[in-house]
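Structure first, then comments.
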Amino acid sequence: MTLANFNAPVARREALDSRREQLARMMEIRAVEERIQRLYSEGEIRGSTHLANGQEAVAVGVARATRADDVVTCTYRGHGHALALGATPLQVIAEICGRESGAAGGVGGSMHLMEPSVGLLPTFAIVGAGLPVACGAALAARTRGTDNIAVAIFGDGSTNIGAFHESMNFAAIRRLPMLFVCENNLYGEYTRIEKSTPVTDLAVRAASYAMPSAIVDGQDVDAVAEAVATAAARARAGDGPTFIEMKTYRYSGHSRSDPATYRPAGELAEWQKRDPIDILAARLVGEGAIGSGEVADLRAATAAGIEEAAQAALASAHPSPDAILSHVTAASPGESNRWNFWSKSTSGGRPTGTPPSATR
Amino acid sequence: MTLANFNAPVARREALDSRREQLARMMEIRAVEERIQRLYSEGEIRGSTHLANGQEAVAVGVARATRADDVVTCTYRGHGHALALGATPLQVIAEICGRESGAAGGVGGSMHLMEPSVGLLPTFAIVGAGLPVACGAALAARTRGTDNIAVAIFGDGSTNIGAFHESMNFAAIRRLPMLFVCENNLYGEYTRIEKSTPVTDLAVRAASYAMPSAIVDGQDVDAVAEAVATAAARARAGDGPTFIEMKTYRYSGHSRSDPATYRPAGELAEWQKRDPIDILAARLVGEGAIGSGEVADLRAATAAGIEEAAQAALASAHPSPDAILSHVTAASPGESNRWNFWSKSTSGGRPTGTPPSATR
Amino acid sequence: MALMRMRQAVLKALDDAMAADGDVVLMGEDIGDAGGAFKCTEGLIGKYGRDRVIDTPISEMGFMGAAVGAAICGLKPVVEMMFIEFAGVALDQLTTEAATMRYLSRGRLTVPMVMRASAGAGQGFACQHSQMLDHWFRGTPGLKVCVPSGARTAYGLLRAAIDDPDPVIVLEPRILYGEREEFDGDPAFRIALGSAEITRPGRDATLVTAGAMLKVALAAADKTNADVEVIDMLSLAPWDRKTVAASVARTGRLITLEEAPAGTGWGGDVVAAITSDAFGALKAPPHRITLPDAPIPYSGALEKLYLPDPEYVTAQIDALVRNGRAPAAWWKEAS
Amino acid sequence: MALMRMRQAVLKALDDAMAADGDVVLMGEDIGDAGGAFKCTEGLIGKYGRDRVIDTPISEMGFMGAAVGAAICGLKPVVEMMFIEFAGVALDQLTTEAATMRYLSRGRLTVPMVMRASAGAGQGFACQHSQMLDHWFRGTPGLKVCVPSGARTAYGLLRAAIDDPDPVIVLEPRILYGEREEFDGDPAFRIALGSAEITRPGRDATLVTAGAMLKVALAAADKTNADVEVIDMLSLAPWDRKTVAASVARTGRLITLEEAPAGTGWGGDVVAAITSDAFGALKAPPHRITLPDAPIPYSGALEKLYLPDPEYVTAQIDALVRNGRAPAAWWKEAS
Ligand SMILES: Cc1ncc(C[n+]2csc(CCOP(=O)(O)OP(=O)(O)O)c2C)c(N)n1
Ligand SMILES: Cc1ncc(C[n+]2csc(CCOP(=O)(O)OP(=O)(O)O)c2C)c(N)n1
Ligand SMILES: [Mg+2]
Ligand SMILES: [Mg+2]
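Residue numbers (this note's numbering), protein chains in the order written: chain A, 32 to 391; chain B, 32 to 391; chain C, 59 to 393; chain D, 59 to 393.
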């Protein structure tokens, strides 16, 4: 089962240079999330799953403004980021359905997507845990003399956990080449931000670390990309980390079948008026980058592609029982295929001769 | 061995209303710390011990501006606070020498002083651990309908640990009746603040929680007391927590025999020019509250009293072997003598009929 | 007698305890307005108000410590830890602060708090949301740990935990929340911490287990030809050495069924202690049935293989009773 | 052969590893300019610079996680945890993140990091700075745990830990830092993780121990009339089941001497496994010598009573070998 080609994730990342692909990728994320919601209802998904529809502009904006050999840590709400960074719909859907062709071979599930070839570490299921790890990636980049950066992506609720504070401080004091990207979608689980957090703009928290910060319209992919590009350039130049607050919104509930009845009436509708896909579509039509009739076609084509990926995922094999005991330590069964970030000898960080995982 | 009388700690706390006693208490703290340093050299102290000479004004200022039935959490650098709050020199020195007459019966040592009758919980040996506990005490005070407050005391270095952040946020969002008192003595162990912390004034960190803050001259006991009194009144009135940064300095090294060679030349001398005891002594002489000749006498008398306490501590019994297995759980051996904070039936929180621990 | 789901029993225990004692307060993420991620606190905020049902920020170290402080100062906090793994960001407050408070203060300051957490595998929450992790707490002087196996024991243990004057950790097998069991809901019902129950008497072997594994043990006991006594540990610390030792003295064989890899499971301590107590009575070497030394897989196909099922346990018991020796664990044969 | 203090051996191991491999970096509080709270990193910042010897803020979760990320991205971080108790504010990054990274990524992302921590009792650091706490890590799939017993083993284990492609925890008994031992400092010397050493051969009983207890065990072995084989575990996870089982098969008696209360000590798992492996050979019930179920007292007089000494261990061994049964622990008689 090799739907994705050899270089699919990196190629998909690089394709984001195209305006049209940016729009298509946002549509793809939306379609994947909607399909996953259905797969959940259909009983194909175990445990929990967290959708990010409504937040597509953040995912695509970050991916477009960073490089495939940068490192990204994000959370269980990571389907969109995985797709934007370059993981294929098959990898994502298959993982969430526990298939061997999934991004983690089916042992991780919805909360643990990853794709090393485009820098995505296994998404973090413990709130706050990805931030210190991103600091470490940034530290390694600097120590190893590359100009790579690390990007930590996390939610508004995560800014109340200790690891956030420790990471911001550590990154600031060591001027690490990294970005803190906070997706402020107004909710942490079922709790609205004002019930858990005494400040409205989380960007004010950067001042505790003398760290530059920005507040960005997270529904506008161009605004996201611009802010990320600026901060990334600063980080690469050795000028340290930046905190970027993306004001955004998740259309779905927190997880699984959460109907999100705790939201004030009309809030969702209000945000949907500024739908990130619509905003970009309108802009591209305005720019003449895409014909106005093409938007619906692109959407339909994307949906069809995702349906194909979903069917392929469901038709693909469950992991073999060997997977249970493999890759626990280096002494366990399982082919040794460590990803070498920034290895000098290869392009894109892939060590020579190692088959990329994306082809499973 | 009953040097301390029945109500000694509470009486000692209340005595701080007197200006003269404020000065005497600061001298007492200094003398105790100096004696402990010698006891350490003499081999009477095991493990580690952390002196707070130079920081006496913070201890006495906080104690004087709060009530004996408020709750205080502080750190291993807590000898001065224990004495200021009301624990007796014998309790403190004996504990540090591991004697049964010590504040923790000799099982705790230098890092774990306490005196419930004046609100001092066992001092915290884990950086940051006392802050959430103080939040809980404040929560209990409010839930139980008292006007008590909790005070968390901690160092500059502790503002970089996650528990600090989580506690500040929790206190702010619940408007807890409490104070965060940061003793910014410029060092966390052997590291100067600018090497670990990207901001100079830690008070700026309060803005992350929309919490009011103040920066106070920690060498001036009156400035300390005034800031604490203001914040305490606000907390008691239901107006929430305050962060107070006390600019201060420890004259000794971090612990034990640390010679503090990492300090820039002249820094200590510069701070000693603004010695908190000298500042108060001069002020009291100026006010006419004390004759200028009396200062030296008071100092000498204090030193003599401390020497007596030290001798008494050394002459007192080691804990009995029973202490090893007692008080592990309620089912363990050991008299049940739980301190009932704010119990309606007794004054000062001491439940009727329970012999106060301070008399051991 | 009515059937009750375990989550209902937990809710009733909290409700009854709060009604009986105004000092009992709840703390946790989304336990108030949302009623808890697993609906174990549903409706309580309406009944008892926001001062007693406290929705916290995502700050486990913060609110765990707040529970310690509140307990010292006269409340009886019951903290909900949504998944026990999250205690990994809050451990210090339980194992280092709460556990030593009574000791350090020579009995003057005590911490009557409870941390209840959902725990365990079987539902595809993957390796960071599926462990029991009792070993983080078990054996720490000053802490108690218990694990219910259904609605009745969930009620009895949780009420006992809230009554207890010291910190208690209750690990609620998440997979049992929706399971129903006969339980009359008697508000006076308690299960003494530290005491086990003989769930099924037998003469040939003693099968000691806990939590969600009880059901597997009982099914295996039904399947095997041997006459197996099944003991539900209920408390992992302290644990009921007397009951287990007496049983093994009768049966001569000890088997543990643990939802943990061997290196972290409670069975090591149990086997060592009982071997010492009942050495002369042992007809076969004690035997532990554990999870393999590997994280818990997400895939349903794999998780099913990963967890012991009644067939596997039956085969192990049969062999031990018949041959005096259990076969190697499946993963040892496999590798 | 020269005498070397354990702290010097640790320093030499770090120095040699850094010299040999530019990817090795150190992280921790006051390890740079100050040379470490226990002087195990003295001089290294001058030699290797601030990018490889990283003084961190007081943020254990932060820098532990940074070590995980740095390890994934090609460095080999060695984190110093000043006292192992401080891992209570950083546990998640080791047990939940580092331990599962290789598994979740199917071998693509690995975490070749070491956390070395000072641990253990005996010097009056009191109950929150004196524990071994190996049970927080031991048995967690994906993590290795080892404990040196002197300069030579500190060097051999730490070099092996740094070489290891997976996360390893090295618990250095603090009380041994100043102790001297013969060790030639051969930079090629390694002790394979997972292998124990027979420190003293004997025929009557196998006394298994680790860390600072080794000295007590050897002294007791000298005192007793029995001919005791002493095994230094060195690695607690994985542990050397083969060596211990073979020894017990010869001696017929197993005694563990653990610096932990029974509920948290490594001996339960060891006794259970060996009882299973060597059941037929056992002449007496296996016996564990542990700490009491109580926090560690500060007072020197009490801490001395609290910790097992050679006399106590000798009496336990003598009784087991002579009567086939060890006397109850001193605190059980006492209470
Ligand atoms: C340490 C920890 N605590 C609690 C949780 C449970 N949890 C999962 S998601 C979540 C909400 C996070 O909110 P936010 O950071 O705003 O991210 P969002 O889900 O909105 O993207 C919580 C509390 C967890 N996974 N880890
Ligand atoms: C969690 C934790 N990390 C590290 C330590 C070791 N330690 C003890 S005191 C200290 C420095 C604290 O500095 P600061 O907060 O400024 O307080 P000060 O000692 O100056 O009063 C450190 C790092 C500890 N006790 N707990
Ligand atoms: Mg959110
Ligand atoms: Mg300081």
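All residues carry an ideal CB built from backbone N, CA and C; glycine is no exception.
Within chain C, the residues that residue i reaches when beta carbons sit closer than 8 Å
i: T174/B; result: V83, D109, R110, A128 and L133
Pair within 7 Å by beta-carbon distance, residue i and residue j
i: V172/D; j: G167/A; result: no
i: F121/C; j: M85/C; result: yes
i: L294/D; j: W324/D; result: yes
i: V205/D; j: R196/D; result: no
i: T177/B; j: W373/B; result: yes
i: M64/D; j: D242/D; result: no
i: A7/B; j: M142/B; result: With chain B covering 32 to 391 only, the question about residue 7/B has no answer from this structure.
i: T416/D; j: T264/D; result: Outside the shown range of chain D (59 to 393) lies residue 416/D, about which nothing can therefore be said.
i: I184/A; j: C105/A; result: yes
i: N215/B; j: Y240/B; result: no
i: L149/C; j: G146/D; result: yes
i: I89/D; j: E143/D; result: no
i: A88/B; j: V252/B; result: yes
Proximal chain D residues relative to residue i, where beta-carbon distance stays under 9 Å
i: L299/B; result: Result: empty, since nearest Cβ-Cβ is about 18 Å, beyond 9 Å.
i: M142/B; result: F183, A184, Q186, H187 and Y356
Among the options, the one whose alpha carbon lies nearest that of residue i
i: P290/B; options: H81/B, G186/B and A241/B; result: H81/B
i: P307/A; options: A83/A, A334/A, R77/A and F201/A; result: A83/A
i: A218/D; options: Y370/D, G252/D and F195/D; result: G252/D
i: D232/A; options: T106/A, A334/A, Q68/A and M277/A; result: M277/A
i: A156/C; options: G146/C, P170/C, F144/C and R164/C; result: P170/C
i: G85/B; options: C105/B, Y71/B, I76/B and G111/B; result: G111/B
i: F211/B; options: T222/B, S244/B, A46/B and L311/B; result: S244/B
Assumed close pair residue i, residue j - CB separation to whole angstroms, cut-off 8 Å
i: A125/A; j: G133/A; result: 4 Å
i: D224/C; j: G260/C; result: Actually they do not touch by this definition, with Cβ atoms about 34 Å apart.
i: I67/A; j: P350/C; result: About 30 Å; that fails the 8 Å criterion.
i: I116/C; j: G193/A; result: So it is not a contact: roughly 10 Å between Cβ atoms.
i: F183/C; j: S79/A; result: 6 Å
Any non-hydrogen atom of ligand 4 within 6 Å of residue i CB
i: G284/B; result: no
i: N216/B; result: yes
i: G111/B; result: no
i: G85/B; result: no
Chain-ordered neighbours of residue i on chain D, where CB pairs are closer than 8 Å
i: M242/A; result: Those do not exist, as M242/A stays about 14 Å from chain D at its closest Cβ, beyond 8 Å.
i: Y161/C; result: C185, A352 and P353
Residue i: contacting residues in chain A (beta-carbon distance under 7 Å)
i: I233/C; result: Residues of chain A passing the Cβ test: none, with the nearest at roughly 12 Å.
Any non-hydrogen atom of ligand 2 closer than 6 Å to residue i Cβ
i: D113/D; result: no
Proximal chain B residues relative to residue i, where beta-carbon distance stays under 8 Å
i: A92/D; result: E220, Y221, T222 and Y293
i: T228/A; result: N200 and I204
Distance cut-off 6 Å: residue i Cβ against heavy atoms of ligand 1
i: E138/D; result: no
i: I157/A; result: yes
Under 7 Å from the C-beta of residue i: neighbouring residues of chain B
i: D363/D; result: The displayed chain sequence assigns Leu, not Asp, to residue 363/D. Here the neighbours are P352 and I355.
i: W389/D; result: L356
Neighbouring residues, chain C, relative to residue i (Cβ below 7 Å)
i: N191/A; result: P115, I116 and S117
i: L149/D; result: G146 and L149
Residue i CB to nearest heavy atom of ligand 3 below 6 Å
i: D73/D; result: no
Proximal residues of chain B, C-beta to C-beta of residue i below 9 Å
i: F121/C; result: P163, C166, G167, E197 and F201
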